[in-house]
Amino acid sequence: MIEITLPDGSIKEFPKGTNAYQIALSISEGLARNVLAAEVNGQVWDASRPIENNAHVKLLTWNDTHGKSTFWHSSAHLMAEALEALYPGVKLGIGPAIETGFYYDVDFGDYEFSSDELPNIEKKMLELARTKSEYIRESVSKAEAETYFTNKGDEYKLDLIKDLEDGTITFYKQGNFTDLCRGPHIPNTGFIKAIKLTNVAGAYWRGDESRKQLTRIYGVSFPKQGELVEYLKMIEEAKKRDHRKLGKELELFAFSEKVGMGLPLWLPKGAILRQKLIDFLQRAQIKAGYEPVVTPHIGHKNLYVTSGHYEKYGADSFQPIKTPQEGEEFLLKPMNCPHHCEIYKTKPRSYKDLPVRFAEFGTVYRYEQSGELHGLTRVRGFTQDDAHLFCRPDQVKEEFKKVIDLVLYVFGALGFNDYTAQISLRDPENKSKYIGSDENWNLAETAIIESAAEKGLKTVVELGEAAFYGPKLDFMVKDALGRKWQLGTIQVDYNLPERFELEYTGSDNMKHRPVMIHRAPFGSLERFIAVLIEHCAGKFPLWLAPEQFIILPVSEKYEEYAKKLLESLNNSDIRGLIDLRDEKVGRKIRDAELKKIPYMIIVGEKEVETDTLSVRKHGDGDLGTMSKDAFSEQLTKEITV
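Residue numbers (the numbering used here): 1 to 641.
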């Protein structure tokens, strides 16, 4: 017998070789019908895989992240089976689950393929799903794997096998399809009831532009048809909220090929929005004891050699800038932190001076691949709301918790109330990716874990997601459509102080190293604004709206009154404009609604005679007549709230 510990702490005995499905069946038939896979001692396994030793087991259903991932990975295999049936001889690359479904990379050879053929593939997938074919795991030797795919003529699988060690290779089979795969998979294809193939794109094999471009087919699947219907509704709503579409319509930002891909141009309205966010955070930072600093857009190459950024990113980023001085090279700034380290070193520091908190809205530059650029969410030049705190080791936890408070203050003010804190740690199996000693990493990771616990945050732990110089706490925020975005981040760093030989004089009159905390509540202004646009569908909180009101004269006769009114309201620190176009007032109202301007003031004969305003609110309609002072007070109150 073996002991199985369930998530509630209860322990049950089962015969050796019991699988997760049988464990579920011992609890209830309903649960067993819904089990897709299981976490066994933290690893995701097939529900049918025998458990030979005592283990902690969590049964996974569609409601679990790893359950969904397993479902979608199995759907990728189902799509591959359908593709081989419809296009005999196609060659397959990889087919992983992703955050919103799955994809498979395919070499169609001589077949002409287009997105018009996706419905036929969906139909074939559903036909195969109804066969309820089991996903069967089989361990194979490296030689057997190579023989199978050599005979099949699939060079992409052979390329993958080259990197695998003998004794670690598994095949998965369902129906007439066999794939090289670690798994896990759902019990059988019958769980898949609804499928939508969403997109076709190009993808270079293994991300290498020198290799062949394959066809990447994206899809999503569900255990119920109703869930697919809801998903498709969400996709349509997401299209309406797309920040690239709204950014253009609301005249917030633009891109120019002459300026360069991934380098956003902020238009006047977008610049106001951006500045309001900066002002908001600067006020909060000053209250929290931060000091503003400003650093250049470039730095000497040796600065980034010292920090480790050049070794880590230099080959894949903007290349060094040569100067007339022979051998002298500069880089576009990829990070603000090395500059802040040098600011720290400008004078001697005592233990009484710490913590020191430097804050900067610093623009940095990273050469993202052109295929990865996406509106404001993935750009080559972006501004971080960056700050670096230098503190004594005994101050780390307290400072870290204060930064958590600041991040949550920002989220609350902007309506991001659904979030999870991701504790991003080193990959213990691949420490070569990181700089610094094990001792410092352990100290940093402990500080983050304990701080998050003491603040009562809902957390998940992700191995391998740390920065190369230290672990971090990443805030994963859900927007109004339930999509997850990584926004704020806080990082503990023992390594850069070592590299830059930062010091302070302790109470023992000896030299000590400070600890560095990196933090950015927005992450980057560009990405944050993109997420904010989509979250609120362009209907910004009044305090952020670039134009808070618009005055709509019903005819040319009332333009002078409108101009005096605009001047008066602008003097009350309320932002607005006048629509002086020769259009009917109904058209002006419709256009103001499309531009999502919060308030509309209609000015005609009655308003001029009574010195009042006829007010409409975006989305709510007519608010009636009010005095100028009452309107000003209402807006001021709403802005303050």
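From the three backbone atoms N, C-alpha and C, an ideal C-beta is built for every residue, glycine too.
Since residue i and residue j should fall inside the 8 Å C-beta cutoff, what is the C-beta to C-beta distance between them, to a whole number of angstroms?
i: R357; j: L389; result: 5 Å
i: F149; j: I136; result: Going by Cβ atoms, the distance from F149 to I136 rounds to 18 Å, so no, they are not a contact pair.
i: F400; j: S451; result: 4 Å
i: A194; j: K224; result: 7 Å
i: I121; j: A82; result: 5 Å
i: V403; j: I278; result: 18 Å between Cβ atoms; not a contact.
i: K312; j: F468; result: 5 Å
i: K458; j: A421; result: 7 Å
i: F108; j: Y87; result: 6 Å
How would you write the range of the alpha helix (DSSP H) that residue i sits in, first residue to last?
i: D405; result: V396 to A413
i: D629; result: K628 to T640
i: Q225; result: Q225 to R241
i: F71; result: T65 to L86
i: G202; result: From DSSP, G202 is part of no alpha helix (DSSP H) but of the beta strand (DSSP E) over A194 to Y204.
i: K162; result: E155 to K162
i: F149; result: K142 to K152
Can you name, in chain order, every residue of its own chain whose Cβ lies under 7 Å from the Cβ of residue i, other than the five neighbours on each side?
i: H73; result: P96, A97, F102 and H185
i: D166; result: S141 and K142
i: S133; result: Q174, G175, N188 and T189
Counting only the same chain and skipping the five closest in sequence on each side, list residues whose C-beta sits under 6 Å from that of residue i.
i: A203; result: D105, L214 and R216
i: W45; result: A38 and P184
i: D643; result: There is simply no residue 643 to check, as the chain begins at 1 and stops at 641 in what is shown.
i: P7; result: K58
i: K276; result: L544
i: W485; result: V477 and V531
i: T5; result: I11 and H56
i: N199; result: Y218
Do residue j and residue i come within 8 Å of each other at the CB atom, strictly closer than that value?
i: R366; j: E372; result: no
i: I602; j: V585; result: yes
i: L376; j: E236; result: no
i: K333; j: P320; result: no
i: G219; j: L252; result: no
i: A444; j: V492; result: yes
i: L354; j: Y504; result: yes
i: E547; j: G576; result: yes
i: F631; j: V608; result: no
i: D179; j: H77; result: yes
i: H243; j: A530; result: yes
i: S437; j: K472; result: no
i: F475; j: G488; result: yes
i: S139; j: T100; result: no
i: K91; j: E146; result: no
i: L552; j: D579; result: yes
i: S75; j: S221; result: yes
i: C391; j: V515; result: yes
i: S572; j: T625; result: no
Using a Cβ-Cβ distance under 8 Å, would residue i count as near chain B?
i: T18; result: Here there is only one protein chain, and chain B is not present.
Using C-beta distances below 8 Å, list every residue in its chain close to residue i, excluding the 5 sequence neighbours before and after it, in chain order.
i: S26; result: K12 and F14
i: L618; result: Before going on, a small fix: residue 618 reads as His here, not Leu. For H618, where only same-chain residues beyond five positions count, the Cβ hits under 8 Å are K539, A592, E593, K596, I597, P598, Y599 and M600.
i: L406; result: A284, Q285, A288, R519 and P521
i: L267; result: E251, L252, F253 and A254
i: T18; result: I2, I4, P50 and I51
i: S627; result: D611, T612 and L613
Would you give the residue range spanned by the beta strand (DSSP E) that residue i belongs to?
i: Y310; result: Per DSSP, Y310 belongs to no beta strand (DSSP E); it is in the alpha helix (DSSP H), H309 to Y313.
i: Y419; result: Y419 to L425
i: D279; result: Run containing D279: none in the beta strand (DSSP E); it sits in the alpha helix (DSSP H), P268 to K287.
i: E329; result: E329 to L332
i: A38; result: A37 to V40
i: T170; result: T170 to Q174
i: M516; result: V515 to A520
i: R527; result: Per DSSP, R527 belongs to no beta strand (DSSP E); it is in the alpha helix (DSSP H), L525 to H535.
i: P497; result: First-last for P497: N495 to R499, but that is the alpha helix (DSSP H), not the beta strand (DSSP E).
i: D620; result: Neither: D620 is in no beta strand (DSSP E) and is coded neither H nor E.
i: E13; result: I11 to F14
i: D386; result: G381 to C391
i: Q22; result: First-last for Q22: A20 to I27, but that is the alpha helix (DSSP H), not the beta strand (DSSP E).
Checklist entry - Is the number of C-beta pairs between the stretch 173-190 and the stretch 30-47 that are closer than 8 Å three or more? => result yes
Next on the checklist: If contact is defined by three or more beta carbon pairs under 8 Å, each pair taking one atom from either stretch, is the stretch 336-351 in contact with the stretch 482-502?
Outcome noted: yes
Checklist entry - Within the chosen definition, does the stretch 463-481 reach the stretch 533-552 through at least 3 CB pairs nearer than 8 Å? => result yes
Next on the checklist: Could you check whether the stretch 454-464 touches the stretch 421-429, counting it as contact only if at least three pairs of C-beta atoms, one from each stretch, sit closer than 8 Å?
Outcome noted: yes
Next on the checklist: With three or more beta-carbon pairs closer than 8 Å as the criterion, would you say the stretch 550-570 touches the stretch 287-296?
Outcome noted: no
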